[in-house]
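Protein chains in written order, with our numbering: chain Y, 39 to 357; chain B, 5 to 417.
In this text, a Cβ means the ideal position worked out from N, Cα and C, and glycines have one as well.
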C-alpha cells in the first residue's frame, strides 16, 4: 500500500489536471455508491441483515424509470428546458414510490416471517430475492446493455489546465449531498427517525416504549428503496447504459462503503461511498482496472482489522 | 469421547440395528445410492451413462464444499461468504504444479507433481491461507467476519486472474484464460492391471482417469473420507468447543475454551476441505479459470448448507445434491423440456420467436434466475431451520420459539 502511494504521488504531481479530472469522476461515481450504501446501512443498522436484494432495487430504479420516460414523451436531445426537468422529477417521484412499495413488500414476504428464525435464514431469502429481482428484469429486458437516454446538460466548467467538471458531475454530486442532508435531518429530528434509532438500539425496549416495530422497519425499507431508486435513475442519466445485473457489483461496492464508514452510520455510509468511488477512479486511472476490486476489498479488510467498527462507527456492546 | 459412554451406538455397517436413527438411515441410503447409481445410470441409458456419472462426480465437488463449509458455519457458527477463495486456491495449486503452466512463468520449468500429493498440498495451502486470513480477523464480531471473508473471496480470484500474461510479477496463472491441460490423475504408486485395456472386466471397460466412472469412484471415496473426518471432528473435544463458541462465545471463554484458537481451527479446517475439493476439481476438469470461483459459488455452497440443515452432515449432503440438481440439471434442461412439452400438446407455434416473444426455449431460459430465487425464498419460509436440521439445534430452536410465544402473548394483552 505504501509502495503504491510512493509510486502514485510523483505521477499525480507531474500532471495535476489529470489528477483533478479523476477526482471529479471519482466523486460523481462515489456519490452513486453513497446513495446505495445509505440503504444498506439503514437496513443493517435496524435488523442486522445484509440485504443482498438492495443492489437490485437500485437497478430496478433505472429499469422502472425507462418506460415512464417514454410515457411522458421525453426524447433525447431536448435537454435544457424547465419542463423536461419537471417531468424527470415527477418520474423520479413515481419510481421512488413504486420501489418503496416493492421493498416494503419484500420485507413483508421474505424477512418479517423470519425475524425470529436462525440468523442465516433471512440472509438466504435476501439472496433469493436478489435472484428474483434480477430474474424479473432479465425476463423483461434480456441480458443486453440497455441505452438510457441522456438528459443532463453536456457543458463543462474549466478547472484550470485541461481539467474540467461537467454539469453532469455537479448535478450528481449535489443530489447525493442533498439526499444525505435530508436523510440525516430526518433521522435526527423526526419522530419516525427517533423510532428508527430506538429500534436499532434495542427492539424489545423500543416496543415496550410503544413503538410499532413492524411499521418502523417497513419505513426503513421504504426510505432505503427511495434512495436506491434515486441512485438508479441518477446512474442511468450519468452513465447512459444499464443492465439487469448491474446491481450485483454496485451493491457489493456500496455495502463495502457502508461497512467502511461504520455500518449503521448515515454520514459514514456517504463518506464511505465517496471514498470507494475515489479509490476506484484512481486505481482505474493510474494503475490497472484489473486490480481495482483487489484494492477496494483489501482496504476494507485492513479497515476492519484495525478499526472493526469502521471509520465513523461507534463501539456497540455485543448483543 | 470414549465408546464406553455410548455403549449402544448403532454402527453404519451393522444392518440389524439403527433403523430408528434418522441420520444413520440416510447415510445407509446415500451409500446404497452411491453404489447403485453408476450401474443404474449405465443400465437406464443403454450403456451411455457416462454423462450422468460425470455430472454426479461434479456434484460431489459441491458435496465436499458443503461438508467443509458446514464446519465453519454449522459447527462453529462463523459466517463465511468467501468460501470459494479456498476452492480457488486448491484448484490453482493443482493447476500450477501439475501442468506445463509454470514453463511460461519466471521459473521457466514445468512442474508435474502427482495428483495424490497435490490433494494434500492443496488442502494445506488452503488451510494456511485460511489461518492467515483468520488470525487477524477472527476477533471481529460475527457479521464483520462475514464481510472480511466476502472481501477475501472477491480478492483471491481477481489476483489469480491478474497474475497472467502482462502482470508485473510474470505469468503464473494464465490470466483470463486460466490454466488448461492439467495432468489427469493416475493410480498411485504406478499401480496398473488388467482393467486398463478393458478385457478383464467386461462391465468396466476402462479404468483410468479419462473415464467418468473412475472420477466418480474417486469422488465417492473422498466424500466418505470427508464425512468420517467431519463426523469425528463433531464428536471430538474440538467439536464440542466449536458448539460452545457458537452458542455463547462469552460463556465458552469463561469455561476455559480458547475461543480465538478454536475459531481459527474451524476456519482453517473448513478451508482445507475446500482446498481438497478444489484440487480434485482442477484435476478432473483439467482446466482452472478464475471465472469458476466467483461470489456466486460461495453463496451457492452457503445455500446448500443452510437449506440442507446447518450442522447436520446428512442434511448438508442432501442440500448439496438437491441444489446441484436444481441448478445444473433441472434449470439447464428446463428450456428443452418446455419445448418438447409444447410440441407434444400442439402448442409448437410457441417455439418460434415472433415480435417480442423470443421463442419458448429462450423465454424459459430467462426464467432460471426467477425460479431459483423462488425456490430459495419458499424453502426458507417453509423450513427456516433447513430440510434436515441437526436434532440438537432443532430442540434449541423449538425452545426458542416457545419463549418467543410467551413474549408475544404478553404484548397483545
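Nearest to residue i (by Cα), restricted to the options the options
| i | options | result |
| --- | --- | --- |
| residue 295 of chain B | B:241, B:325, B:270 and B:163 | B:163 |
| residue 86 of chain B | B:189, B:98 and B:72 | B:72 |
| residue 279 of chain B | B:385, B:125 and B:214 | B:125 |
| residue 147 of chain B | Y:157, Y:258 and Y:126 | Y:157 |
| residue 323 of chain Y | Y:51, Y:48 and Y:59 | Y:59 |
| residue 70 of chain B | B:320, B:241, B:186 and B:327 | B:320 |
| residue 394 of chain B | B:75, B:56, B:58 and B:115 | B:75 |
| residue 184 of chain Y | Y:102, Y:300, Y:41 and Y:288 | Y:102 |
| residue 277 of chain B | B:66, B:102 and B:111 | B:66 |
| residue 299 of chain Y | Y:50, Y:47, Y:82 and Y:46 | Y:82 |
| residue 386 of chain B | Y:99, Y:130, Y:160 and Y:241 | Y:160 |
| residue 37 of chain Y | Y:321, Y:346 and Y:214 | Residue 37 of chain Y lies beyond the stretch modelled for chain Y, which goes from 39 to 357, so this question has no answer here. |
| residue 287 of chain Y | B:155, B:328 and B:345 | B:155 |
| residue 343 of chain Y | B:140, B:241 and B:60 | B:140 |
| residue 126 of chain Y | Y:113, Y:137 and Y:54 | Y:113 |
| residue 131 of chain B | B:375, B:37 and B:272 | B:272 |
DSSP state of residue i mapped onto helix, strand, coil
| i | result |
| --- | --- |
| residue 154 of chain Y | coil |
| residue 425 of chain B | Past the edges of chain B, shown from 5 to 417, lies residue 425 of chain B, and the structure says nothing about it. |
| residue 145 of chain B | coil |
| residue 170 of chain Y | helix |
| residue 70 of chain B | helix |
| residue 379 of chain B | helix |
| residue 181 of chain Y | coil |
| residue 274 of chain Y | helix |
| residue 184 of chain B | strand |
| residue 193 of chain Y | coil |
| residue 112 of chain B | coil |
| residue 280 of chain Y | strand |
| residue 102 of chain B | strand |
| residue 337 of chain Y | helix |
| residue 204 of chain Y | strand |
| residue 291 of chain Y | helix |
| residue 42 of chain B | helix |
| residue 58 of chain B | helix |
| residue 91 of chain B | helix |
| residue 186 of chain Y | coil |
| residue 388 of chain B | coil |
| residue 214 of chain B | coil |
| residue 302 of chain Y | coil |
| residue 344 of chain Y | helix |
Within-8 angstroms CB hit, residue i to chain A
| i | result |
| --- | --- |
| residue 145 of chain Y | Any reference to chain A falls outside this structure, whose protein chains are Y and B. |
### contact_flag[the segment 162-174 of chain Y, the segment 277-295 of chain Y] where n(CB pairs < 8 angstroms) is 3 or more
Yes, they touch.
#### Entry: Members of the segment 250-270 of chain Y that neighbour chain B once the beta carbon cut-off is set at 7 angstroms
Per Cβ criterion, the list is empty.
#### Entry: Continuous beta strand (DSSP E) assignments of at least 3 residues falling wholly in the segment 234-282 of chain B
Whole beta strand (DSSP E) segments, 3+ residues: zero.
### Message
What are the residues in the segment 317-339 of chain Y lying within 7 angstroms of chain B by C-beta distance?
### Response
Near chain B, meaning a CB-to-CB distance below 7 angstroms, the residues of the segment 317-339 of chain Y are 328, 329, 331, 332, 335, 336, 338 and 339.
### the segment 252-272 of chain Y / the segment 140-150 of chain Y touching (three or more Cβ pairs under 8 angstroms)
Contact between the segment 252-272 of chain Y and the segment 140-150 of chain Y is present: 3 or more CB-CB pairs across the two stretches fall below 8 angstroms.
### Query
Is there contact between the segment 301-313 of chain Y and the segment 268-277 of chain Y, where contact requires at least three CB pairs shorter than 8 angstroms?
The segment 301-313 of chain Y makes no contact with the segment 268-277 of chain Y, as fewer than three CB pairs between them are under 8 angstroms.
### Task
Write down every uninterrupted run of the alpha helix (DSSP H) in the segment 296-360 of chain B whose length is 4 residues or greater and which is fully enclosed by it, in chain order.
Counting only unbroken stretches of 4 or more residues, the alpha helix (DSSP H) elements lying wholly within the segment 296-360 of chain B are 299-312, 317-329 and 335-348, in sequence order.
### Query
With contact counted as at least three CB pairs below 8 angstroms, one residue from each stretch, are the segment 257-277 of chain B and the segment 77-97 of chain B in contact?
Contact check between the segment 257-277 of chain B and the segment 77-97 of chain B: three or more CB pairs, one atom from each, fall below 8 angstroms, which counts as touching.
### Message
Closer than 8 angstroms is the cut-off here; do at least three beta carbon pairs connect the segment 153-168 of chain Y with the segment 290-297 of chain Y?
### Response
No, they do not touch.
### Query
the segment 241-257 of chain B: which residues have C-beta closer than 7 angstroms to a C-beta of chain Y, in chain order?
Within the segment 241-257 of chain B, no residue qualifies.
### Task
Pair every Cβ in the segment 188-204 of chain Y with every Cβ in the segment 48-65 of chain Y, then say whether three or more of these pairs are closer than 8 angstroms.
Here the segment 188-204 of chain Y makes contact with the segment 48-65 of chain Y; the two share three or more CB pairs at distances below 8 angstroms.
### Task
Please list the residues of the segment 158-174 of chain B that have a C-beta atom closer than 8 angstroms to any C-beta atom in chain Y, keeping them in chain order.
Result list: 158, 159, 162, 163, 165 and 166.
### Query
What residues from the segment 139-156 of chain B come within 9 angstroms of chain Y, judged by C-beta to C-beta, listed N to C?
For the segment 139-156 of chain B, the beta-carbon criterion of a distance under 9 angstroms to any beta-carbon of chain Y is satisfied by 140, 141, 143, 144, 145, 146, 147, 148, 149, 150, 151, 152, 154, 155 and 156.
### Query
Contact between the segment 158-172 of chain B and the segment 332-342 of chain Y: three or more CB pairs below 8 angstroms?
A contact exists between the segment 158-172 of chain B and the segment 332-342 of chain Y.
### Query
In the segment 39-83 of chain Y, which residue ranges form an unbroken alpha helix (DSSP H) of at least 4 residues, counting only runs that do not cross its ends?
Residue ranges of uninterrupted alpha helix (DSSP H) with 4 or more members, entirely inside the segment 39-83 of chain Y and ordered along the chain, are 40-52.
### Segment contact flag, the segment 286-295 of chain B with the segment 180-187 of chain B, C-beta cutoff 8 angstroms, min 3 pairs
The segment 286-295 of chain B vs the segment 180-187 of chain B: in contact.
### Task
Examine the Cβ distances between the segment 216-233 of chain B and the segment 44-60 of chain B and report whether three or more of them are shorter than 8 angstroms.
Yes, the segment 216-233 of chain B touches the segment 44-60 of chain B.
### Message
Output needed in chain order: residues of the segment 70-82 of chain Y with a Cβ under 7 angstroms from some Cβ in chain B.
### Response
Of all residues in the segment 70-82 of chain Y, none has a C-beta nearer than 7 angstroms to a C-beta of chain B.
### Message
Output needed in chain order: residues of the segment 283-316 of chain B with a Cβ under 8 angstroms from some Cβ in chain Y.
### Response
For the segment 283-316 of chain B, the set of residues with a beta-carbon nearer than 8 angstroms to any beta-carbon of chain Y comprises 299, 303, 306, 307, 310, 311 and 314, in chain order.
### Message
Quick check: the segment 347-364 of chain B against the segment 318-333 of chain B, are at least 3 beta-carbon pairs closer than 8 angstroms?
### Response
Between the segment 318-333 of chain B and the segment 347-364 of chain B there are fewer than three inter-stretch CB-CB distances shorter than 8 angstroms, so the stretches are not counted as touching.
#### Entry: Inter-stretch contact (C-beta, 8 angstroms, three-pair minimum) for the segment 75-87 of chain Y and the segment 297-307 of chain Y
Touching, yes.
### Message
Output needed in chain order: residues of the segment 88-101 of chain Y with a Cβ under 9 angstroms from some Cβ in chain B.
### Response
From the segment 88-101 of chain Y, only 88 and 90 have a Cβ closer than 9 angstroms to chain B.
### Task
Check whether the segment 339-351 of chain Y touches the segment 84-101 of chain Y, counting contact only when three or more Cβ pairs, one atom from each stretch, lie closer than 8 angstroms.
The segment 339-351 of chain Y, when compared against the segment 84-101 of chain Y, does not touch it at the 8 angstroms Cβ threshold.
### Query
If you measure beta-carbon to beta-carbon, which residues of the segment 120-136 of chain Y are closer than 9 angstroms to chain B?
Residues: none.
#### Entry: Contact residues within the segment 336-370 of chain B, judged by C-beta distance below 7 angstroms to chain Y
Within the segment 336-370 of chain B, the residues whose Cβ lies closer than 7 angstroms to some Cβ of chain Y are 370, listed in chain order.
### Message
Taking contact to mean 3 or more Cβ pairs, one atom from each stretch, closer than 8 angstroms, check whether the segment 25-42 of chain B and the segment 246-255 of chain B are in contact.
### Response
Contact fails: fewer than three Cβ-Cβ distances are below 8 angstroms.
### Message
I'd like to know if the segment 244-258 of chain Y and the segment 185-194 of chain Y are in contact, where contact means that at least 3 CB-CB pairs between them fall below 8 angstroms.
### Response
When C-beta atoms of the segment 244-258 of chain Y are compared with those of the segment 185-194 of chain Y, fewer than three pairs fall below 8 angstroms, so the two segments do not count as touching.
### Task
Please confirm if the segment 115-135 of chain B is in contact with the segment 91-99 of chain B, defined as three or more CB-CB distances below 8 angstroms between the two stretches.
Result yes; three or more Cβ-Cβ pairs closer than 8 angstroms.
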